[in-house]
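Visitor:
Chains as they are written, first to last, in the numbering used here: chain A, 152 to 477; chain B, 1302 to 1647.
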């Protein structure tokens, strides 16, 4: 394996609270290899987006990355100056957001916005950028690209807007594309199209994708590897097949059980009881201990270490560790 | 004194030239943009009368701003009049188009005493206490009104945008400082502050505009700050940041354009408010010379006379009313049209 496109090492991102800073991303480490799709999975409020924003150094104030190491395309992100970081964003790594409805400036034509994105990183004429934009529109399968160029966001459907966002994000052929819930706000048929498009682009451009989602269906379609996050920590990671079929952490199993499946249509859909606690209520020890049905005494006080289930498939759980030991 | 007067009318001519060039440039630029040219056509369709009315006022004001010395005088023109710069509006009236005192509209004789007028039956709106033609004075008032509204807005809007956007966008210390200034200004009765500033700065038209500008930016600054606060968190601003757009770029391309509808609405409200508050200042005796407010102020005791002298008040207040009404109509329409959500998704 060559140099990873993104390497996050023990990153701690915190927000100020009433007594001291509260971590929202708690010493998370992960790697995205060149051309790979890594899915970051978890419920809402688990710190998935914050992890991605930390990687881009876009954590909204007053939050900040307190410690750890982040490497994007071999460059130390936390050590870059503001201007250097700005050059990295969009060129080496780009982002797609959840809400295509509000991710485009309503008072500018979509074409002008893509042109702006291109001309930010390359000194080319408006005309050259325009023809590049039209090519990009073609590539992300926007029909009637000439007319769409002069359209305002409110004149486009959600799916088309998301395509424009994707066109903007891949305009510089970034090494890494961070897709933060790219299909959540779209309806099902459009979701499938967008997933298909992302897969094609990933193959054509060789872009690595950090896919943030809570939709395991999307994960199954796109991901090479999966990292499961819960309450600010990574709790399980491994290849797609390993995690989806042999996910061992109680949380992962809970997630998998809550997917509606044809085979279990007679049974009630299971759910994980309770909700993700807010960062200031995170328990000591294993974060999942408050909702886990395999909880042990020590889960409440000790943080479980790494257990290797299979090659490249690791997790943090005392219960599974005991089982493996047996 | 004479030299300063010369300076003033040359400066005024240059400003007119600059305004015309600016308007021409803005017009060609707007024609190239789909959004603005469509907005322009839509405005003309919705509010043709108000638009034409405003245009007439602007024309009158511009004509009154182009002035030069001498020339065009009649044989028996008064020498003093000839040596002063006279505007195009002044030149539409003969230099000696004056009476000795009040005369009713289109009257043949003076209002008091009944002696024969110099120009019987030609004063469309009568003459004032000094025998000046009221129509002439009213037309000249347009320039003062537009000067008050325009120049003060030119001070208020950039100031409020600068302060409001920096406070809302950067937050923290900058926000604290701006808000301290805003709160301080807002806690002083604005009319008293206005009067104090005019006393300190002097009583010229520019000074009055500056004074009104300094007291008037606070409200708009608050609105801008709040709106920027909201815009800053929006997805497209985050997206722009993720693409590597600089802070200045985000402010210029994403924040400012999305504040333009507020600027338009504020400009309209401010404009009418300013012209009206100048009338109040005139009532207090510290207004701008030649304004409609001053004419109304003078009409105060004319109304108490018997028979009543109404044409002075009528001319000034009608002009004021028509201008403000047109501006409000157009502003309302512009706001509706510029809102991207009501642009219509054809």
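The C-beta atom is built at its ideal place from N, Cα and C for all residues, glycine as well.
1. My output table needs one value for residue 1516 of chain B: the three-state DSSP class, helix, strand or coil.
2. Got a sec: does the ligand SAH put a non-hydrogen atom nearer than 7 Å to the Cβ of residue 463 of chain A?
3. Can you tell which of A:209, A:179 and A:175 has its C-alpha closest to the C-alpha of residue 195 of chain A?
4. At the 8 Å Cβ level, is residue 1434 of chain B part of the contact set with chain A, yes or no?
5. Could you check where the beta strand (DSSP E) with residue 375 of chain A kicks off and where it finishes?
6. Do residue 247 of chain A and residue 343 of chain A have their beta-carbon atoms positioned less than 8 Å apart in this structure?
7. Look at the Cβ atom of residue 1401 of chain B, then the Cβ atom of residue 1432 of chain B, and state whether they are nearer than 8 Å.
8. Count the CB pairs spanning the segment 1402-1417 of chain B and the segment 1329-1341 of chain B that are closer than 8 Å, and state whether there are at least three.
9. Name the two residues that bound the continuous alpha helix (DSSP H) containing residue 322 of chain A.
10. Counting only Cβ-Cβ distances shorter than 8 Å, please list the residues of the segment 257-269 of chain A near chain B, keeping chain order.
11. Could you check which residue in A:164, A:172, A:188 and A:407 has the C-alpha nearest to that of residue 218 of chain A?
12. Do residue 156 of chain A and residue 359 of chain A count as a contact pair if the criterion is CB distance below 8 Å?
13. Quick check on residue 161 of chain A: does DSSP put it in helix, strand or coil?
14. Could you tell me whether the Cβ atoms of residue 379 of chain A and residue 192 of chain A are closer together than 8 Å?
15. Going by alpha carbons, who is nearest to residue 179 of chain A out of A:331, A:221 and A:368?
16. Anything in chain A within Cβ reach of residue 1547 of chain B, meaning under 7 Å, just list it in chain order.
17. Beta-carbon of residue 242 of chain A versus every beta-carbon of chain B: anything under 8 Å?
18. Does the beta-carbon of residue 1538 of chain B have 16 or more other beta-carbons within 10 angstroms, so that it is buried, or is it exposed?
19. Using three-state DSSP, classify residue 453 of chain A as helix, strand or coil.
20. Am I right that residue 276 of chain A and residue 285 of chain A are in contact with their C-beta atoms under 8 Å? What's the rounded C-beta distance?
21. Return the chain-ordered list of same chain residues with a C-beta closer than 8 Å to the C-beta of residue 318 of chain A, the five sequence neighbours on each side being excluded.
22. Put residue 1568 of chain B into one of helix, strand or coil per three-state DSSP.
23. Name, please, each residue of chain A whose Cβ falls closer than 7 Å to the Cβ of residue 1470 of chain B.
24. Quick check: what's the CA-CA separation for residue 1392 of chain B versus residue 1312 of chain B?
25. Does the distance from the CB of residue 316 of chain A to the CB of residue 257 of chain A come in under 8 Å?
26. Tell me the DSSP secondary structure of residue 169 of chain A in three-state form.
27. Report, in whole angstroms, the separation of the C-beta atoms of residue 1596 of chain B and residue 1442 of chain B, which I expect to be a contact under 8 Å.
28. Quick one: give me the first and last residue of the alpha helix (DSSP H) that residue 1501 of chain B is part of.
29. Please list the residues of the segment 1613-1629 of chain B that have a C-beta atom closer than 7 Å to any C-beta atom in chain A, keeping them in chain order.
30. Can we say the segment 1620-1627 of chain B touches the segment 1574-1590 of chain B, given the rule of at least three CB pairs closer than 8 Å?
31. By DSSP, does residue 332 of chain A sit in helix, in strand, or in coil?
32. Sorted by chain position, which residues of the same chain lie with C-beta nearer than 8 Å to residue 449 of chain A's C-beta, five sequence neighbours on each side aside?
33. If contact means a Cβ-Cβ distance below 7 Å, which residues of the segment 1497-1529 of chain B contact chain A?
34. Residue 439 of chain A to residue 189 of chain A, Cα distance in whole Å?
35. Nearest chain B C-beta to residue 253 of chain A closer than 8 Å, yes or no?
36. Name the DSSP bridge partner or partners of residue 1337 of chain B?
Guide: Once the coordinates are examined:
1. helix
2. For the ligand SAH, the structure offers nothing, since it holds no ligand at all.
3. That would be A:175, whose Cα lies nearest to the Cα of residue 195 of chain A.
4. no
5. No beta strand (DSSP E) holds residue 375 of chain A; DSSP gives it neither H nor E.
6. no
7. yes
8. no
9. No alpha helix (DSSP H) contains residue 322 of chain A, which DSSP labels as neither H nor E.
10. 257, 258, 259, 260, 267 and 268
11. A:164
12. yes
13. In the three-state reduction of the DSSP assignment, residue 161 of chain A falls in the strand class, which pools E and B.
14. yes
15. A:221
16. By Cβ distance, chain A contributes 237.
17. yes
18. buried
19. coil
20. Not quite, the Cβ-Cβ distance comes to about 14 Å (not below 8 Å), so this is no contact.
21. 265, 284, 287, 288, 290, 291 and 293
22. In this structure, residue 1568 of chain B counts as helix in the three-state DSSP scheme.
23. Residues of chain A passing the Cβ test: none, with the nearest at roughly 11 Å.
24. 19 Å
25. Cβ distance not < 8 Å, so residue 316 of chain A and residue 257 of chain A don't count as in contact.
26. Taken through DSSP and simplified to helix, strand or coil, residue 169 of chain A comes out as coil.
27. Contact flag correct, Cβ pair sits at about 7 Å.
28. 1491-1502
29. Result list empty, no residue passes.
30. yes
31. coil
32. 436 and 469
33. none
34. Whole-angstrom Cα-Cα distance: 23 Å.
35. So yes, residue 253 of chain A belongs to the interface.
36. DSSP lists no bridge partner for residue 1337 of chain B.
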